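Asks: Using full-length UniProt numbering, the letters of the sequence shown correspond one by one to residues 1 to 441.
Cβ coordinates follow ideal geometry from the N, Cα and C atoms, glycine included.
Bear in mind the structure is a predicted one, so any value in this text is a computation, not a measurement.
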Amino acid sequence: MAAIEVENLYKSFKIYSDKGKTLKERLLFKKRRAYEKREVLNGISFSIKKGETVGLIGHNGCGKSTLLKLLTRILYPDAGTIKVEGRVSSLLELGAGFHPDLSGRENIYANAAIFGLKKKEIDERLKKIIDFSGLEDFIDNPVRTYSSGMYTRLAFSVAINVDADVLLVDEILAVGDVNFQQKCLKKMRQLRDSGVTIVYVTHDTDTVKTFCNRAIWIHEGKIRKDADSWEAVDAYLAFMNDEKMRELEKEQEPVQEEQPEEPQVQEDINDEQPPAEEPIEDALTEEEAPAEEAELDSNHFGSGEVLITKVRFVDEQGEVLDILKCGMPVSLEIDYQILKEQNGYNFGMGFFTASGINVFSTNTNIDNIFPEKLPQEGTVRFKIQNLSLLEGEYKLNVAVVNADQAPLDYYRCFLEFAVASENKKAVGTTYIEHTWEIPQA
1 MAAIEVENLY KSFKIYSDKG KTLKERLLFK KRRAYEKREV LNGISFSIKK GETVGLIGHN
61 GCGKSTLLKL LTRILYPDAG TIKVEGRVSS LLELGAGFHP DLSGRENIYA NAAIFGLKKK
121 EIDERLKKII DFSGLEDFID NPVRTYSSGM YTRLAFSVAI NVDADVLLVD EILAVGDVNF
181 QQKCLKKMRQ LRDSGVTIVY VTHDTDTVKT FCNRAIWIHE GKIRKDADSW EAVDAYLAFM
241 NDEKMRELEK EQEPVQEEQP EEPQVQEDIN DEQPPAEEPI EDALTEEEAP AEEAELDSNH
301 FGSGEVLITK VRFVDEQGEV LDILKCGMPV SLEIDYQILK EQNGYNFGMG FFTASGINVF
361 STNTNIDNIF PEKLPQEGTV RFKIQNLSLL EGEYKLNVAV VNADQAPLDY YRCFLEFAVA
421 SENKKAVGTT YIEHTWEIPQ A
């Protein structure tokens, strides 16, 4: 059963260049009333089932926050329909619904009442709200004396304790400190696991991958991708990388200056003409020529200035392995080719389960290795003394970025591989060396 149904939704705003603020100004300066109609959402349609956790992603100004405000009925659409089942709790803007002159305690009652709770219900939840916020020492102070982080704590504490069926969260958690962010995400996971429908707007794509089971990518007022969170996020990141590379290409384009016309000199027809000059070779050498940009999709993207040409697992004798064994020493070899020199190189790899769960990932920078110069072609080796992966099917991600973290060549699932285990038996993905001590009867 659907918790949220949106069908053919349109929303636009009037953007005035210089709107008169008073009646006098509006009468005297009618030209100031000129405006531009900007369409933010253009025919959005989707359905969210009860208990789903959906991330809304997209660049700034694409319409994510506007969509959440439409779902909470803070705004109303120009056209289209919205149906939301059950009690809705929202956390959209810092301190929305708070009165600055009221104390934190008084604002809890006022804010919870907006969500539809009666005084008796608020009394039962009051201690839990205050404890979660961590503002016991400040709860009777006016909220105008609160910092932005304290505002966030109080607002979030109220929003998650109203027994909502649908929770709408706009990227407000970024305001709180790291510990409170982790605390909020833990609580949201508990709500998710209890069956609460959550719609979460954020630019933190890693959180979308790990927290949400689905993601909707909005681009220029339309849904560009509605899929599994990993698939949608990778498509979005590939697109944003493409945009970044185009911007860099534009910045690097030389500005052609107009050359002044040379004065025409009348030549004597009897004068011998000098021989024509040979055409000047292109100043760009092969090494300096810009590399062709790698084909972009959800699994492979990058500038193409450095290429990962081959990847393989080998044993201690250098023999290529088709199947790995738990507990064996193994090396991951990554062949590369540099088409354009960089300001530094950072190679990375990651092991993932067949379902996309990250088992282990690292890169050279994390391991305090910062190569600034490399041969034009070579092999990077990642040596594993004792492979701890349990028996199963896995996927391998490999990547290389430069010192500015710009992707040069990134592969999601470069290859799939299997791990076999003869005597290393356990449940999960990783084997941990261990012993048992059992008391004697």
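Looking at C-alpha atoms only, which residue of Leu71, Gly318, Leu75 is the closest neighbour of Ile82?
Replies: Closest option to Ile82, Cα to Cα, is Leu71.
Asks: Helix, strand or coil for Asp268? Go by DSSP, reduced to three states.
Replies: Residue confidence is low: Asp268 scores 42 on pLDDT, short of 50, so the model does not pin down where it sits. No coordinate-derived value is stated.
Asks: Can you give the Cα-Cα distance for Lys14 and Phe115, rounded to whole angstroms?
Replies: Roughly 30 angstroms separates the two Cα atoms.
Asks: So, at 8 angstroms on beta carbons, what are the nonlocal neighbours of Met240 in its own chain, with the 5 sequence-adjacent residues on each side left out?
Replies: Cβ neighbours of Met240 beyond the five flanking positions: His59.
Asks: Could you name the residues that DSSP lists as bridge partners for Phe347?
Replies: According to DSSP, which records beta bridges pairwise, Phe347 is partnered with Val400.
Asks: Kindly provide the ranges of any alpha helix (DSSP H) runs that are 4 or more residues long and lie completely inside the stretch 143 to 199, ordered along the chain.
Replies: 148 to 159, 178 to 193, all fully within the stretch 143 to 199.
Asks: Could you give the first and the last residue of the continuous alpha helix (DSSP H) run that contains Val380?
Replies: Segment 377 to 384 is the beta strand (DSSP E) holding Val380; no alpha helix (DSSP H) there.
Asks: Can you list, in chain order, the residues of its chain with a C-beta nearer than 8 angstroms to that of Ser421? Leave out the 5 residues immediately preceding and following it.
Replies: So the list reads Lys325, Cys326, Gly327, Leu390, Glu391, Tyr431, once near-sequence residues are dropped.
Asks: Beta strand (DSSP E) containing Asp409: first to last residue?
Replies: Element bounds for Asp409: 407 to 420.
Asks: Looking at C-alpha atoms only, which residue of Ala354, Lys225, Lys209, Gln317 is the closest neighbour of Val419?
Replies: Val419 has its Cα closest to that of Ala354, out of Ala354, Lys225, Lys209, Gln317.
Asks: If Ser12 and Asp78 are in contact, beta carbons under 8 angstroms, what's the gap, nearest whole angstrom?
Replies: Going by Cβ atoms, the distance from Ser12 to Asp78 rounds to 6 angstroms, so yes, they are a contact pair.
Asks: Where does Ala441 land, buried or exposed, given buried means 16+ other C-beta within 10 angstroms?
Replies: With fewer than 16 Cβ atoms within 10 Å of its Cβ, Ala441 is classed as exposed.
Asks: Leaving out five residues on either side along the sequence, give the residues of the same chain with a beta carbon under 8 angstroms from the beta carbon of Ile357.
Replies: Result list for Ile357: Thr429, in chain order.
Asks: Pick from Phe46, Ala2, Met1, Glu36: whose alpha carbon is nearest that of Asn8?
Replies: Nearest option by C-alpha distance: Phe46.
Asks: As an exercise, report each continuous beta strand (DSSP E) stretch of at least 3 residues that is fully enclosed by the stretch 69 to 99, in chain order.
Replies: Within the stretch 69 to 99, the complete beta strand (DSSP E) runs of at least 3 residues are 79 to 84, 88 to 91.
Asks: Looking at Val208: is its Cβ nearer than 9 angstroms to the Cβ of Val233?
Replies: Yes.
Asks: From which residue to which residue does the alpha helix (DSSP H) around Ile114 run?
Replies: Taken as a continuous stretch (DSSP letters only), the alpha helix (DSSP H) holding Ile114 covers 104 to 114.
Asks: So, under 8 angstroms CB-CB, Gly55 and Ser194 are touching, yes? Tell me the CB distance rounded to an integer number of Å.
Replies: Contact flag wrong, Cβ pair sits at about 19 angstroms.
Asks: Mind checking whether Lys64 and Val201 have CB atoms under 9 angstroms apart?
Replies: Yes, the pair counts as a contact, with Cβ atoms nearer than the cut-off.
Asks: For Glu433, I'd like the list of residues in its chain whose CB is within less than 7 angstroms of its CB, leaving aside the five on either flank, ordered along the chain.
Replies: Result list for Glu433: empty, nothing under 7 angstroms.
Asks: Since Asp398 contacts Val311 with CB under 8 angstroms, what's their CB separation in whole angstroms?
Replies: Per the sequence shown, the amino acid found at residue 398 is Val instead of Asp. Confirmed, about 6 angstroms.
Asks: Looking at the structure shown, is Asp335 part of a helix, part of a strand, or coil, going by DSSP?
Replies: Here Asp335 sits in strand by DSSP.
Asks: Specify, as a first and last residue, the run of the beta strand (DSSP E) that Lys424 falls within.
Replies: Neither: Lys424 is in no beta strand (DSSP E) and is coded neither H nor E.
Asks: Look up Asn213 in the DSSP assignment and say whether it is helix, strand or coil.
Replies: Asn213: coil per DSSP, three-state reduction.
Asks: What residues match up with Leu226 in a beta bridge as DSSP calls it?
Replies: Note on residue identity: the sequence assigns Asp, not Leu, to residue 226. Note: Asp226 sits in a beta bridge opposite Ile216.
Asks: Please name the residue or residues paired with Arg38 in a DSSP beta bridge.
Replies: Answer by DSSP bridge pairing, in chain order: Phe13.
Asks: Rounding to the nearest angstrom, what Cα-Cα distance links Val320 and Leu415 in this structure?
Replies: Approximately 14 angstroms, taken between the alpha carbons.
Asks: Between which two residues does the alpha helix (DSSP H) holding Lys128 run?
Replies: From DSSP, the alpha helix (DSSP H) with Lys128 extends over 119 to 133.
Asks: Assuming Ala159 and Glu85 are in contact, meaning their beta carbons sit under 8 angstroms apart, how far apart are those beta carbons, in whole angstroms?
Replies: Between Glu85 and Ala159 the Cβ distance is about 18 angstroms, and since that is not below 8 angstroms, they are no contact.
Asks: Using a Cβ-Cβ cut-off of 6 angstroms (strictly less than) and excluding sequence neighbours within five positions of Ile139, which residues of its own chain qualify?
Replies: So the qualifying residues of the chain are Gly104, Arg105, Ile130.
Asks: Using the C-alpha atoms, what's the distance from Lys119 back to Glu231?
Replies: Approximately 45 angstroms between the Cα atoms of the pair.
Asks: Would you please state the rounded distance, in angstroms, between the beta carbons of Asp165 and Arg73? I believe it to be under 8 angstroms.
Replies: Contact doesn't hold; Cβ gap of about 15 angstroms is too wide.
Asks: For Val427, is the classification buried or exposed, using 16 other Cβ atoms within 10 angstroms of its Cβ as the cut-off for buried?
Replies: Burial call: exposed.
Asks: Would you report the Cα separation of Asp101 and Ser147, rounded to the nearest angstrom?
Replies: Cα to Cα, Asp101 sits roughly 14 angstroms from Ser147.
Asks: What residue range is occupied by the uninterrupted beta strand (DSSP E) comprising Gly55?
Replies: Segment 53 to 57, the beta strand (DSSP E) holding Gly55.
Asks: Let me check understanding here. Comparing Cα to Cα, which of Pro142, Met1, Arg214, Thr66 lies closest to residue 462?
Replies: Examination of residue 462 is not possible in this model, given that the chain is present from 1 through 441 alone.
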